[in-house]
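In this note's numbering, the protein residues as written are 51 to 625. Don't be surprised by glycine CBs; every beta carbon is placed ideally from N, CA and C. Treat the numbers as computed from the prediction; the structure is a model and nothing was measured. Taking it in order: structure first as structure tokens, then the write-up.
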């Protein structure tokens, strides 16, 4: 590489000179970047038989560690440059910090498309040299590996053809290094590094929490589970940094939904069933006067315990802060059937008009995530995975929270492949989930634990019900002695009684005997529990439609109910 001056246009340029064995490489580079014209990609000016004239980019290579706020504009520009190349059906295949420069003006430039090639149809059986690149600087030959070992995607490390999602993996590795100043995959030899890429799960714990979700999606070893488009990375990044809950405005009188809410906040020990001397419990009641002849049909409490989202007779989404008496409808949510919250309480996922959608809880245009013709429940993990049943008998599908093509979750068990699977609920690890099998043979009906990792499902209980998990936080004598992250309770329905039974999270198995929590006319499915910081609350709709009565319970053995037609009267109960 040489620095030179072009007197014809009075500008300094970079000249890359090729030896004979590099001619094919240089031809590919010129062809690739010649079709690109983007401010974040190094521009080509001229190409000869053994040289390439390029824009001269002055400034340092990209190096970390950088603070998140300092790194953010760089990451955004990287996304812009990669997206421009991918829109032209061009992949880079060798993204790494040494191929990224920062100009004195702070502009990002992606260099060295010498390893890039236009995406082509799958190689034929005899193979073409350019389809299978190598770590050496010479022309490529079949079966060899292209790219720098520490940044290449697992499929590249195996010698398979690279694609756009291979660049997305490399982008994730580069982002990690920008923010930490450390290589994600290290080793004393290329073989050792490649072994880490292929066999070790990426440890992103040193990166800021705000980019964990982005990195997990970029660094999925199975490229089918990886982000499908670099534009999804922009969306994930934007959601983490730009969400600011809008102030909810007071509206005039609105004809809205029948609702009355009772909240029990248990700040002491979770469950009285195992306590010797339970402390005094207090419950706070919120009741809202409904509009005439209007009923709640579905509702969800936000994970942070601050908001209630619900659907009513008009089949629209409504949101109400628990410290307010005003509920607001969300435009663009007509035809809502199912709804669920994001773990950070920022978004509400919902199914409407055959589509899975999400909307900012404070309002805004809904975003279509994927098709969901007749969904039966949904759940959203902290890793940004949405799991849902597209139809009653289709099994479960996963989709990134930014949207994309749904991928079916397999290995739920061949024996129940034709039965109705509904109401998935993620367990705390975000990899396992509960679901209900309803209908079909009696020996197949029940509550199951499934896995995103392809492991067979486990039948936990024979009851015709869905289930939710509530962690047990014990303090004092009489506790079972398990740590909170290892044990808790499954709450489920048996007939018309709400039941609970100890559940081992680590082993995915039940223990002890089940016992009643609430007796009553329970007919609707269980709904998710309350604030994640407690994991001690549950929601249980009870009573026949159209008049729904619900319980929000704190310590096991105690439940409080609210009546949807109750008058407005905030009260505080003790004991």
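Reduced DSSP secondary structure (H/G/I, E/B, other) of residue i
i, result
"residue 94", "strand"
"residue 60", "coil"
"residue 354", "coil"
"residue 479", "coil"
"residue 104", "strand"
"residue 421", "strand"
"residue 282", "helix"
"residue 581", "A caution first: residue 581 carries a pLDDT of 33, below 50, which makes its placement in the model unreliable, though a value can still be read off. Coil."
"residue 556", "coil"
"residue 53", "strand"
"residue 528", "Bear in mind that a pLDDT of 39 at residue 528, under 50, signals an unreliable position, so the number given afterwards is only what the model happens to contain. Three-state result, residue 528: coil."
"residue 149", "helix"
"residue 380", "coil"
"residue 211", "coil"
"residue 564", "strand"
"residue 440", "coil"
"residue 500", "strand"
"residue 511", "strand"
"residue 114", "coil"
"residue 545", "coil"
"residue 287", "helix"
"residue 453", "coil"
"residue 84", "helix"
"residue 236", "coil"
"residue 259", "helix"
"residue 414", "coil"
"residue 369", "strand"
"residue 67", "strand"
"residue 472", "strand"
"residue 458", "strand"
Integer-rounded CB distance, given that residue j should sit under 8 Å from residue i
i, j, result
"residue 395", "residue 431", "That pair is no contact at about 14 Å."
"residue 454", "residue 278", "5 Å"
"residue 556", "residue 539", "About 15 Å; that fails the 8 Å criterion."
"residue 517", "residue 497", "5 Å"
"residue 100", "residue 63", "Not quite, the Cβ-Cβ distance comes to about 16 Å (not below 8 Å), so this is no contact."
"residue 257", "residue 248", "Not really, about 21 Å apart at Cβ, beyond 8 Å."
"residue 357", "residue 372", "7 Å"
Start and end residues, alpha helix (DSSP H) containing residue i
i, result
"residue 240", "240–249"
"residue 215", "214–230"
"residue 262", "262–268"
"residue 131", "118–137"
"residue 206", "204–207"
Residue range of the beta strand (DSSP E) that includes residue i
i, result
"residue 375", "No beta strand (DSSP E) holds residue 375; DSSP gives it neither H nor E."
"residue 408", "405–410"
"residue 254", "That residue, residue 254, is in no beta strand (DSSP E); it is neither H nor E in DSSP."
"residue 447", "446–450"
"residue 144", "Segment: none, residue 144 is in no beta strand (DSSP E) and carries neither H nor E."
"residue 491", "Segment: none, residue 491 is in no beta strand (DSSP E) and carries neither H nor E."
"residue 389", "386–391"
"residue 158", "158–160"
"residue 521", "517–521"
"residue 200", "Per DSSP, residue 200 belongs to no beta strand (DSSP E) and is neither H nor E."
"residue 397", "397–402"
"residue 429", "428–430"
When the options are compared against residue i, the one with the closest alpha-carbon
i, options, result
"residue 230", "261, 509, 89 and 96", "261"
"residue 220", "98, 274, 256 and 269", "269"
"residue 361", "383, 374, 373 and 354", "383"
"residue 478", "560, 393 and 457", "393"
"residue 500", "521, 472 and 492", "472"
"residue 200", "240, 213 and 215", "240"
"residue 423", "433, 413, 409 and 439", "439"
"residue 149", "131, 139 and 155", "131"
"residue 435", "263, 106, 350 and 96", "263"
"residue 217", "238, 485, 475 and 143", "143"
"residue 387", "416, 566 and 348", "348"
"residue 135", "60, 486 and 87", "87"
"residue 157", "123, 376, 418 and 356", "123"
"residue 546", "514, 237, 508 and 509", "514"
"residue 154", "474, 457, 107 and 510", "107"
"residue 145", "225, 116, 105 and 138", "225"
"residue 404", "398, 117, 413 and 418", "418"
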